[in-house]
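**Q** Residue numbers 1 to 338, in the UniProt record's numbering, belong to the letters of the sequence shown in order.
Even for Gly, the Cβ is constructed at its ideal location relative to N, Cα and C.
Only a predicted model underlies this, so the values are computations on that prediction, with no experimental measurement involved.
What follows is a structure written as C-alpha cells; I'll ask about it next.
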Amino acid sequence: MVAAPPGRAPLSLFLERNIMKALRFHAAKDLRLDAVPAPSSPGPGQVLVRVLQCGICGSDLHEYTDGPQLIPIEPHPFTGATAPQILGHEFSARVEAVGPGVRRLKVGDRVSAVPHLNVPGEYFSRRNLGHVSSETALVGFSWEWGGMGELALLPEENCVPLPDSVDDTQGALVEPASVALNAVDLAELRAGSAVLVTGAGPIGALVALCALASGATSVVLAEPNAFRRELLAGLPGITVCDGGPDALADLVATLTDDGRGFDAPFECAGHERALDSCVETVKPTGAVIQVGLFVSAPRVNVFRISEKALRYQGSWGFPITIGQRVVALIEACRWSGS
1 MVAAPPGRAP LSLFLERNIM KALRFHAAKD LRLDAVPAPS SPGPGQVLVR
51 VLQCGICGSD LHEYTDGPQL IPIEPHPFTG ATAPQILGHE FSARVEAVGP
101 GVRRLKVGDR VSAVPHLNVP GEYFSRRNLG HVSSETALVG FSWEWGGMGE
151 LALLPEENCV PLPDSVDDTQ GALVEPASVA LNAVDLAELR AGSAVLVTGA
201 GPIGALVALC ALASGATSVV LAEPNAFRRE LLAGLPGITV CDGGPDALAD
251 LVATLTDDGR GFDAPFECAG HERALDSCVE TVKPTGAVIQ VGLFVSAPRV
301 NVFRISEKAL RYQGSWGFPI TIGQRVVALI EACRWSGS
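As C-alpha cells, this is what we get:
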C-alpha cells in the first residue's frame, strides 16, 4: 500500500504551477515517476480528488512485466487514453473540488475509487454489467488519471463515500474486496456451504472473508507458500493448508457434507494445478469460480467438468454498485487494513 507523501503544498499553489508527480507505465518494465500536468477543474458530474492511499494490484504487476495488456496502444474509443498511463486503481482519496451537477459528494469527503468507467447508454452498462463490456474504460489503465498520481479526476458515480469508521487503508481495499464479493455472489452460496479458495494472495484472502460473510461455515484457504500460510493462519473461521492432494483429501472428508466435496471452490491463483484441485475436490453439481488470471491458457480436464455436471463460472471485476455493500461489510466485520 502506498501513502500520499506528507508535507504537501496547498492545493491552490499546486494547481497554480499545474504540475504533479505520477508513476506512469511507458512500456513493459519501464515505469517512470514523471512530472505531468495536474488535472484541471472537474467537469460536469466529476470530482477532483487527492489520493490518500493506493494499492498495488496483481494486474499492475502483469502490466509491468508483460504489458501493455489492459493499457491501450491506440487511444481508447471512450476516453482517448493511451500510454504513457498513470497506474493505480485501488485507492482512497479526498474530494478537493466538485464539478457542476455533482449531488452526493462535497469538498472534504473521503471516497474509494471504482475503476470501471461505464459508457452511457451502452448495452451492458444499462444492465449494471458495464464491467464485462469491451467498451468500458478503467481508471489506472485506460483513463487519463490513476491512483499513483497525486490528484485525479473521477466521475461522481465512480466514488464510494467512506464513513469515519473506515480508514484510508481500508478505503483503498474496497476495490479488491469488491472483486472478491462479486465472485462470491456468482457462486450463489447457501448457509452452511463448504468452500475452497486456492491462492492466498490479497484476492484469495478477501474471497475467503466474503464467503464467510455470505454464510459459508467451512472455508479452506490453500496456499503452497509457507509465509502466506503463516500470515493468514490466525483468521477466524478459516482453515489454512498447503493445497497438496493429501491435505485436501483429508479436509474434504472432514469438512464437507458426507465427504462429497466442496460446494464452491474459487481458483484465485491463476495456476493450472490449483484449477485441477478445484475440479477434483468440488462436489458433483457444484460450481468452480475462476477468479485468478492466467498468463497463458491452461489445460482443463473438460471431461471431469462434464462428468461431475459442474458449473465453471468466470468472474471479472464487479458491478459499480457493489462498493457500498463492501463498505458495510468492513464496518460490520472490522476488516483490518493490514
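How would you write the range of the alpha helix (DSSP H) that Y312 sits in, first residue to last?
**A** Within the sequence shown, numbered from 1, the residue matching residue 312 stands at position 312. Counting along the chain, Y312 falls outside any alpha helix (DSSP H), though it belongs to the beta strand (DSSP E) covering R311 to G314.
**Q** So, is N182 buried or exposed, given that buried needs 16 or more other C-beta atoms within 10 angstroms?
**A** In the sequence shown, residue 182 corresponds to position 182, counting from 1. Its Cβ being crowded by 16 or more others within 10 Å, N182 is buried.
**Q** Can you find the residues in the same chain that come closer than 7 angstroms, C-beta to C-beta, to V207, ignoring five residues on each side of it along the sequence?
**A** As a first step, residue 207 is located in the sequence shown; it is residue number 207 there, counting from the start. So the qualifying residues of the chain are A180, A183, V184, V197, F266, C268 and V291.
**Q** From G101 to G45, what distance separates their C-alpha atoms?
**A** Translated into positions along the sequence shown, residue 101 becomes position 101. Translated into positions along the sequence shown, residue 45 becomes position 45. Their backbone Cα atoms lie some 5 angstroms apart in a straight line.
**Q** Got a sec? Which residues, its chain only, sit under 6 angstroms from P245 by beta carbon, not counting five neighbours each side?
**A** Here residue 245 is taken as the residue at index 245 of the sequence shown, counted from 1. Excluding sequence neighbours, P245 sits near nothing in its chain.
**Q** Which ranges does the beta strand (DSSP E) cover as unbroken runs of at least 3 residues, wholly within the segment 148 to 202, from first to last along the chain?
**A** For the beta strand (DSSP E) assignment, the uninterrupted runs of no fewer than 3 residues enclosed by the segment 148 to 202 are, from N- to C-terminal side, 151 to 155, 159 to 161 and 194 to 198.
**Q** I'd like the list of long-range same chain contacts for E175, defined as Cβ closer than 6 angstroms, with 5 residues on each side in sequence excluded.
**A** Taking the first residue of the sequence shown as 1, we reach residue 175 at position 175. Once the five neighbours on either side are set aside, the close Cβ partners of E175 are E90.
**Q** Give the DSSP bridge partners of H116, in chain order.
**A** Position 116 of the sequence shown, counted from the first residue, corresponds to residue 116. L138, per the DSSP bridge assignment.
**Q** Is the beta carbon of L105 less than 8 angstroms from the beta carbon of V98?
**A** Position 105 of the sequence shown, counted from the first residue, corresponds to residue 105. Position 98 of the sequence shown, counted from the first residue, corresponds to residue 98. Yes. Within cutoff.
**Q** Hey, E223 and G243: beta-carbon distance below 8 angstroms or not?
**A** Position 223 of the sequence shown holds residue 223. Position 243 of the sequence shown holds residue 243. Yes, the pair counts as a contact, with Cβ atoms nearer than the cut-off.
**Q** Does the pairing of the segment 129 to 140 with the segment 186 to 202 give three or more beta-carbon distances under 8 angstroms?
**A** no
**Q** Among the residues of its own chain, which have a CB less than 7 angstroms from the CB of V160, if the five just before and after it don't count?
**A** Here residue 160 is taken as the residue at index 160 of the sequence shown, counted from 1. Once the five neighbours on either side are set aside, the close Cβ partners of V160 are V111, S112, V114, V174, G323, Q324 and V327.
**Q** Output yes or no for whether 8 angstroms exceeds the beta carbon distance between T239 and G261.
**A** Start at 1 with the first residue of the sequence shown, and residue 239 comes out as number 239. Start at 1 with the first residue of the sequence shown, and residue 261 comes out as number 261. Their beta carbons are not under 8 angstroms apart, which means T239 does not touch G261 by this criterion.
**Q** Give the DSSP-derived three-state secondary structure of H271 in the structure shown.
**A** For the purposes of this step, residue 271 is identified with residue 271 of the sequence shown, where counting begins at 1. Of the three classes helix, strand and coil, the one that applies to H271 here is coil, per DSSP.
**Q** Start and end of the alpha helix (DSSP H) containing E230?
**A** Here residue 230 refers to the residue found at position 230 of the sequence shown. Run containing E230: A226 to L232, per the alpha helix (DSSP H) assignment.
**Q** List the whole-angstrom C-beta distance separating G286 from A264, where the pair is believed to meet the contact cut-off of C-beta under 8 angstroms.
**A** Your numbering for residue 286 matches position 286 in the sequence shown. Your numbering for residue 264 matches position 264 in the sequence shown. Sure, about 6 angstroms apart at Cβ, within 8 angstroms.
**Q** Between which two residues does the alpha helix (DSSP H) carrying H62 extend?
**A** Residue mapping note: residue 62 aligns to position 62 of the sequence shown, counting from 1. Segment G58 to D66, the alpha helix (DSSP H) holding H62.
**Q** Run through DSSP, which three-state label would R94 get?
**A** For the purposes of this step, residue 94 is taken as the residue at position 94 of the sequence shown. The answer is strand: DSSP assigns R94 an E or B state.
**Q** Is it the case that the segment 63 to 78 contacts the segment 21 to 39, given that we only count it when at least three CB pairs across the two stretches are under 8 angstroms?
**A** Between the segment 21 to 39 and the segment 63 to 78 there are three or more inter-stretch CB-CB distances shorter than 8 angstroms, so the stretches are counted as touching.
**Q** For the segment 207 to 222 and the segment 152 to 166, state whether three or more C-beta atom pairs, one from each stretch, are separated by less than 8 angstroms.
**A** no
**Q** Beta carbon of E150, beta carbon of V300: below 8 angstroms?
**A** On the sequence shown, position 150 is the one that residue 150 refers to. On the sequence shown, position 300 is the one that residue 300 refers to. Cβ distance not < 8 angstroms, so E150 and V300 don't count as in contact.
**Q** Hey, could you find the ends of the alpha helix (DSSP H) L248 is sitting in?
**A** Start at 1 with the first residue of the sequence shown, and residue 248 comes out as number 248. First-last of the alpha helix (DSSP H) with L248: P245 to L255.
**Q** Which stretch, first to last residue, makes up the alpha helix (DSSP H) that contains Q324?
**A** Taking the sequence shown and counting its residues from 1, the one referred to as residue 324 is at position 324. It spans G323 to C333 - the alpha helix (DSSP H) in which Q324 sits, taken as one unbroken run.
**Q** To the nearest angstrom, how far is the alpha carbon of H271 from that of A83?
**A** Locating residue 271 in the sequence shown gives position 271, counting from the first residue. Locating residue 83 in the sequence shown gives position 83, counting from the first residue. Going by the C-alpha atoms only, they are around 29 angstroms apart.
**Q** Might you give, ordered along the chain, the residues of its own chain that have their beta carbon closer than 6 angstroms to the beta carbon of C210, omitting 5 neighbours on each side?
**A** Translated into the one-based positions of the sequence shown, residue 210 becomes position 210. If we look at C210 and ignore the five residues flanking it on each side, its Cβ neighbours are A180, L181 and V184.
**Q** What residues in its chain sit with their C-beta under 7 angstroms from that of S178, if we drop five residues either side in the sequence?
**A** By 1-based counting over the sequence shown, the position of residue 178 is 178. These residues qualify, in order along the chain: F318, I322, G323 and V326.
**Q** Please classify S134: is it buried, with 16 or more other beta-carbons within 10 angstroms of its beta-carbon, or exposed?
**A** In the sequence shown, counting from the first residue as 1, residue 134 sits at position 134. When all chains shown are included, S134 counts as exposed.
**Q** Let's see if you can read the secondary structure: which residues bound the alpha helix (DSSP H) around I305?
**A** Translated into the one-based positions of the sequence shown, residue 305 becomes position 305. Counting along the chain, the alpha helix (DSSP H) containing I305 begins and ends at V302 to E307.
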